[in-house]
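Asker:
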Amino acid sequence: MATKPDTPEPETDAANRPERQVPLAAVLSSLAGLGLMLVFWQRRGDFRAWHDALELAFVTGTSFLLVWGLTELIGAIFFRTSKSDARMSVAGPPRLGTASWLGAVLLSLGAGGMLLVPLNSTFGFLPVSLMIVGAGLLFYGGKRFVDRLLKRRDTPSITQGVALTRPGAACLVIAVLLLAGGFLGPSNMLMLVFAMVVGPFVVNGWYAFGMIRRLGITRTVPAQVVAGDPVTVTLTLANRKSRLSAWLMAATDVVERASGDESERLVAETLFPRVPPRESRDAGYRLRLMRRGRYRFGPVRVRSRFPLGLVERSLTFHLPGEMIVAPRLGRLADRWNREAAAADELVQRRQPRRGAFPDEFEKLRLFRYGDNPRMIHWRTSARQNLLMVREYHEIRDRDMMALLDLTAAPGDEDALLRVELAVSFAATICIDQLQRSRQSALAVAAAGREATNWSGVAHPASAEPLMRILALVEPTNEPDLAPLWEFARAHRTPTTAAVLVSTRPAAEIPRPPGAGWLRIMSVADDGIQEYFALG
Numbered sequence: 007m008a009t010k011p012d013t014p015e016p017e018t019d020a021a022n023r024p025e026r027q028v029p030l031a032a033v034l035s036s037l038a039g040l041g042l043m044l045v046f047w048q049r050r051g052d053f054r055a056w057h058d059a060l061e062l063a064f065v066t067g068t069s070f071l072l073v074w075g076l077t078e079l080i081g082a083i084f085f086r087t088s089k090s091d092a093r094m095s096v097a098g099p100p101r102l103g104t105a106s107w108l109g110a111v112l113l114s115l116g117a118g119g120m121l122l123v124p125l126n127s128t129f130g131f132l133p134v135s136l137m138i139v140g141a142g143l144l145f146y147g148g149k150r151f152v153d154r155l156l157k158r159r160d161t162p163s164i165t166q167g168v169a170l171t172r173p174g175a176a177c178l179v180i181a182v183l184l185l186a187g188g189f190l191g192p193s194n195m196l197m198l199v200f201a202m203v204v205g206p207f208v209v210n211g212w213y214a215f216g217m218i219r220r221l222g223i224t225r226t227v228p229a230q231v232v233a234g235d236p237v238t239v240t241l242t243l244a245n246r247k248s249r250l251s252a253w254l255m256a257a258t259d260v261v262e263r264a265s266g267d268e269s270e271r272l273v274a275e276t277l278f279p280r281v282p283p284r285e286s287r288d289a290g291y292r293l294r295l296m297r298r299g300r301y302r303f304g305p306v307r308v309r310s311r312f313p314l315g316l317v318e319r320s321l322t323f324h325l326p327g328e329m330i331v332a333p334r335l336g337r338l339a340d341r342w343n344r345e346a347a348a349a350d351e352l353v354q355r356r357q358p359r360r361g362a363f364p365d366e367f368e369k370l371r372l373f374r375y376g377d378n379p380r381m382i383h384w385r386t387s388a389r390q391n392l393l394m395v396r397e398y399h400e401i402r403d404r405d406m407m408a409l410l411d412l413t414a415a416p417g418d419e420d421a422l423l424r425v426e427l428a429v430s431f432a433a434t435i436c437i438d439q440l441q442r443s444r445q446s447a448l449a450v451a452a453a454g455r456e457a458t459n460w461s462g463v464a465h466p467a468s469a470e471p472l473m474r475i476l477a478l479v480e481p482t483n484e485p486d487l488a489p490l491w492e493f494a495r496a497h498r499t500p501t502t503a504a505v506l507v508s509t510r511p512a513a514e515i516p517r518p519p520g521a522g523w524l525r526i527m528s529v530a531d532d533g534i535q536e537y538f539a540l541g
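With the sequence shown counted from 1, adding 6 to any position gets you my numbering.
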């Protein structure tokens, strides 16, 4: 479960820091370089028969493998932070991976060795071995590069990954020590123990590689939620293999605000205990996002360390998703309702007439002395043998216009809180108008980073597009209020109730000419609590 706090803090403590993973290519390079150096040290006399250039190339290539592998290992363990998170960022253009470059180096060393070392000599197998290993790595890396380059645009890109866990790294260190002891001894018993230690490592890597093959994942997320409400995001993992089940698959999803603020980044995790072959399973996590705005999802990283936890294989699905977090709704106080009702009583207006009566029919009732005879419903009166009249409900719905002045300096936390309060206040006014009104018009405009406006009929179906508009408005240091006044002049009628909600103090709010029709509310003043409170 992932929860969004009101004031998120960077995850810097040790408990929240992700485990650093050891790159497998660096480990293999270090082992290959160390093994070849041991061979060169033990058989130094045999190497003297080689040509000087070949001996130099062998030592240079071996040193390169050893130094590069150790450098990558030391950097991954001690200096690089959150490397797994970095791999989960938005994927860039396809590029050759480590396996391709390592294969090219080994292939070059093997080709040079074949020119200098006869195949029928004692060490003639070394160039051939280097070429075989290098060709395999180059083919594997090249295939992955071509797959990324030619992937279909309508399917999410998938990136494979492999890494050693801490127990796996410790297992390899012990294996290297046993291998060195077996060479230096020499001791067949140490070589046997070395094989027993390496065996589980190889089995774990092979099984984990088989489990992540032919997997697919989808995400189900609501299009729009309200800030502060819990929301459930569902991940569906599909296992398309015919026989092998997927065990203990951990899925990691990234949620971040579209503004790119690092403090607005969440990493949620969920677990799939078992996914049978040719079936799918659902797992979800819960979010509680306290800030409105647009949030983006992805990528999704699925990984497994089953069964021994020595090798971790992973698939990263660059699966985009989006969710709109609407502003929180509050509660309008009694003072706001009283003043709004008093303003309605003072307004004189004409209603459009479709018939003889301007108001809306409510019910039939018994005739009373003084009722208009034209309101008698003769058919019902004849059926009931009593005089029945039509009663109408007087329509007092007024058109509503809500204007927003969103002023906030960059980095000012208090100003940003006032912005959220102002947007929530305006959203509550609009939703209240949608619920109470029947035939009125509603118009909303905001002056912030960009001028935003919306207008329509006050109907419950208008709530979703209206809340989406209010969710995406952003403040600025000096908003331009001219488009706000132009919008007000274009949509205001004599019966429109207009309110301006501003984040500035009341004395600093600019007013348009002849602003008697405008009701100004400042969320920076303490008196706002008498009109509105967040529920």
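Glycine included, each C-beta is placed from N, C-alpha and C at the ideal position. Predicted model only: the values in this text are computed from it and were never measured.
Cβ of residue 296 within 9 Å of Cβ of residue 227?
Answerer: Position 290 of the sequence shown, counted from the first residue, corresponds to residue 296. Position 221 of the sequence shown, counted from the first residue, corresponds to residue 227. It is not a contact, given that the beta carbons lie outside the stated cut-off.
Asker: Cβ atoms of residue 464 and residue 451: under 9 Å apart, would you say?
Answerer: Translated into positions along the sequence shown, residue 451 becomes position 445. Translated into positions along the sequence shown, residue 464 becomes position 458. Cβ atoms of residue 451 and residue 464: not closer than 9 Å.
Asker: According to DSSP, is residue 303 helix, strand or coil?
Answerer: Start at 1 with the first residue of the sequence shown, and residue 303 comes out as number 297. Looking at residue 303 - three-state DSSP - the assignment turns out to be strand.
Asker: Return the first residue and the last residue of the alpha helix (DSSP H) that residue 337 is part of.
Answerer: Here residue 337 corresponds to residue number 331 of the sequence shown, with the count starting at 1. Taken as a continuous stretch (DSSP letters only), residue 337 belongs to no alpha helix (DSSP H), being part of the beta strand (DSSP E) at 336 to 338.
Asker: By DSSP, does residue 362 sit in helix, in strand, or in coil?
Answerer: As a working mapping, residue 362 is identified with position 356 in the sequence shown. Annotation note: pLDDT 39 at residue 362 (below 50); position unreliable, no value reported.
Asker: Can you check which of these residues, 108, 432 and 221, is closest to residue 143 by C-alpha distance?
Answerer: If you number the sequence shown from 1, residue 143 lands on position 137. Among 108, 432 and 221, the Cα nearest to that of residue 143 is on 108.
Asker: Which runs of the alpha helix (DSSP H) fall wholly inside the segment 208 to 258 and span at least 4 residues, in chain order?
Answerer: Entirely contained in the segment 208 to 258, not one alpha helix (DSSP H) run reaches 4 residues.
Asker: Looking at the structure shown, is residue 539 part of a helix, part of a strand, or coil, going by DSSP?
Answerer: Within the sequence shown, the letter at position 533 stands for residue 539. Strand at residue 539.
Asker: I think residue 404 touches residue 503, with their Cβ atoms under 8 Å apart; what is that distance to the nearest whole Å?
Answerer: By one-based count along the sequence shown, residue 404 stands at place 398. By one-based count along the sequence shown, residue 503 stands at place 497. Contact holds; Cβ gap of about 5 Å.
Asker: Whole-angstrom Cβ separation of residue 6 and residue 257, contact assumed at under 8 Å?
Answerer: With the chain represented from 7 up to 541, any question about residue 6 goes unanswered, as that position is not in the structure.
Asker: Inspect the CB distances between the segment 239 to 254 and the segment 282 to 291 and report whether three or more fall short of 8 Å.
Answerer: They touch, by the three-pair rule.
Asker: Given this structure, state the Cα-to-Cα distance separating residue 475 from residue 529, to the nearest angstrom.
Answerer: In the sequence shown, the residue the question calls residue 475 occupies position 469. In the sequence shown, the residue the question calls residue 529 occupies position 523. Computed Cα separation, rounded: 20 Å.
Asker: Per DSSP, residue 294 forms a beta bridge with which residues?
Answerer: Translated into the one-based positions of the sequence shown, residue 294 becomes position 288. Partner(s): 236.
Asker: Distance check for residue 188 and residue 47, CA to CA, integer angstroms please.
Answerer: In the sequence shown, residue 47 corresponds to position 41, counting from 1. In the sequence shown, residue 188 corresponds to position 182, counting from 1. Looking at the two C-alpha atoms, the distance is approximately 14 Å.
Asker: Are three or more beta carbon pairs between the segment 407 to 422 and the segment 488 to 506 nearer than 8 Å?
Answerer: Cβ pair count under 8 Å is three or more, so yes.
Asker: In three-state terms, what does DSSP make of residue 330?
Answerer: Against the sequence shown, residue 330 aligns to sequence position 324. Reduced to three states, the DSSP call for residue 330 is strand.
Asker: Identify which residue in 149, 326, 200 and 321 has its Cα closest to the Cα of residue 225.
Answerer: Along the sequence shown, read from residue 1 onward, the residue named residue 225 stands at position 219. Among 149, 326, 200 and 321, the Cα nearest to that of residue 225 is on 326.
Asker: Taking just the CA atoms, how far does residue 173 sit from residue 95?
Answerer: Residue 95 sits at position 89 when you count from the first residue of the sequence shown. Residue 173 sits at position 167 when you count from the first residue of the sequence shown. Low per-residue confidence applies at residue 95: pLDDT is 42, beneath 50, and the placement is therefore not dependable, though the value from the model is reported in the following sentence. Cα to Cα, residue 95 sits roughly 27 Å from residue 173.
Asker: Quick check on this structure: which residue in 469, 428 and 482 has the alpha carbon closest to the alpha carbon of residue 416?
Answerer: For this step, residue 416 is matched to residue 410 along the sequence shown. Selected option, being the one with the closest Cα: 482.
Asker: May I ask you to report which of helix, strand or coil DSSP gives residue 285?
Answerer: Numbered from 1 along the sequence shown, position 279 holds the residue referred to as residue 285. Note: residue 285 maps to strand in three-state DSSP.
Asker: Can you give me the C-alpha to C-alpha distance between residue 522 and residue 537, rounded to a whole angstrom?
Answerer: Residue numbering aside, residue 522 sits at position 516 when the sequence shown is read from its first letter. Residue numbering aside, residue 537 sits at position 531 when the sequence shown is read from its first letter. Cα to Cα, residue 522 sits roughly 20 Å from residue 537.
Asker: For residue 334, I'd like the list of residues in its chain whose CB is within less than 7 Å of its CB, leaving aside the five on either flank, ordered along the chain.
Answerer: Within the sequence shown, residue 334 is the residue found at index 328, counting from 1. Counting only Cβ-Cβ distances below 7 Å, and skipping sequence neighbours, we find 232, 233, 234, 430 and 540.
Asker: Taking a contact to mean a Cβ-Cβ separation below 9 Å, would you say residue 397 touches residue 370 in this structure?
Answerer: Within the sequence shown, residue 397 is the residue found at index 391, counting from 1. Within the sequence shown, residue 370 is the residue found at index 364, counting from 1. Their beta carbons are under 9 Å apart, which means residue 397 touches residue 370 by this criterion.
Asker: In this structure, does DSSP put residue 52 in helix, strand or coil?
Answerer: The residue given as residue 52 occupies position 46 in the sequence shown. Reduced to three states, the DSSP call for residue 52 is helix.
Asker: Looking only at its own chain, which residues have a Cβ that is under 6 Å from the Cβ of residue 249, when we skip the five neighbours before and after it?
Answerer: The residue labelled residue 249 in the question sits at position 243 within the sequence shown. These residues qualify, in order along the chain: 283.
Asker: So, with DSSP's three-state summary, where would you put residue 527?
Answerer: Start at 1 with the first residue of the sequence shown, and residue 527 comes out as number 521. It is a strand residue.
Asker: Under 7 Å Cβ to Cβ from residue 112, same chain only, skipping five residues before and after it: list those, please.
Answerer: Indexing the sequence shown from 1 puts residue 112 at position 106. Once the five neighbours on either side are set aside, the close Cβ partners of residue 112 are 136, 139, 140 and 143.
Asker: Mark residue 472 as exposed unless 16 or more other C-beta atoms lie within 10 angstroms of its C-beta, in which case mark it buried.
Answerer: One-based indexing of the sequence shown puts residue 472 at position 466. Buried, because 16 or more other Cβ atoms sit within 10 Å of the Cβ of residue 472.
Asker: Excluding the five sequence neighbours on either side, which residues of its own chain have a C-beta within less than 6 Å of the C-beta of residue 3, listed in chain order?
Answerer: Here the chain has residues from 7 to 541 only, and residue 3 is not among them.
Asker: Under 9 Å between the Cβ atoms of residue 177 and residue 37?
Answerer: Counted from its first residue, the sequence shown places residue 177 at position 171. Counted from its first residue, the sequence shown places residue 37 at position 31. Against a cut-off of 9 Å, the Cβ pair of residue 37 and residue 177 comes out as no contact.
Asker: Alpha carbon to alpha carbon, how far is residue 372 from residue 383?
Answerer: Residue numbering aside, residue 372 sits at position 366 when the sequence shown is read from its first letter. Residue numbering aside, residue 383 sits at position 377 when the sequence shown is read from its first letter. Near 10 Å, if we compare the C-alpha coordinates of residue 383 and residue 372.
Asker: Below 9 Å between beta carbons: does that hold for residue 454 and residue 479?
Answerer: Within the sequence shown, residue 454 is the residue found at index 448, counting from 1. Within the sequence shown, residue 479 is the residue found at index 473, counting from 1. Yes; because the gap between Cβ atoms is below 9 Å, this pair is in contact.
Asker: Is it right to say residue 322 is buried, meaning 16 or more other beta carbons lie within 10 angstroms of its own, or is it exposed?
Answerer: In the sequence shown, the residue the question calls residue 322 occupies position 316. That one is buried.
Asker: Using CA atoms only, rank isn't needed, just tell me which of 393, 433 and 505 is closest to residue 375.
Answerer: As a position in the sequence shown, residue 375 is number 369, starting the count at 1. Residue 393 is the option with its Cα nearest to residue 375.
Asker: Compute the beta-carbon to beta-carbon distance between residue 301 and residue 260, rounded to the nearest angstrom, for a pair I have assumed lies under 8 Å.
Answerer: Along the sequence shown, read from residue 1 onward, the residue named residue 301 stands at position 295. Along the sequence shown, read from residue 1 onward, the residue named residue 260 stands at position 254. Not quite, the Cβ-Cβ distance comes to about 10 Å (not below 8 Å), so this is no contact.
Asker: If you run the structure through DSSP and keep just helix, strand and coil, what is residue 310?
Answerer: Taking the sequence shown and counting its residues from 1, one reaches residue 310 at position 304. Strand, per DSSP.
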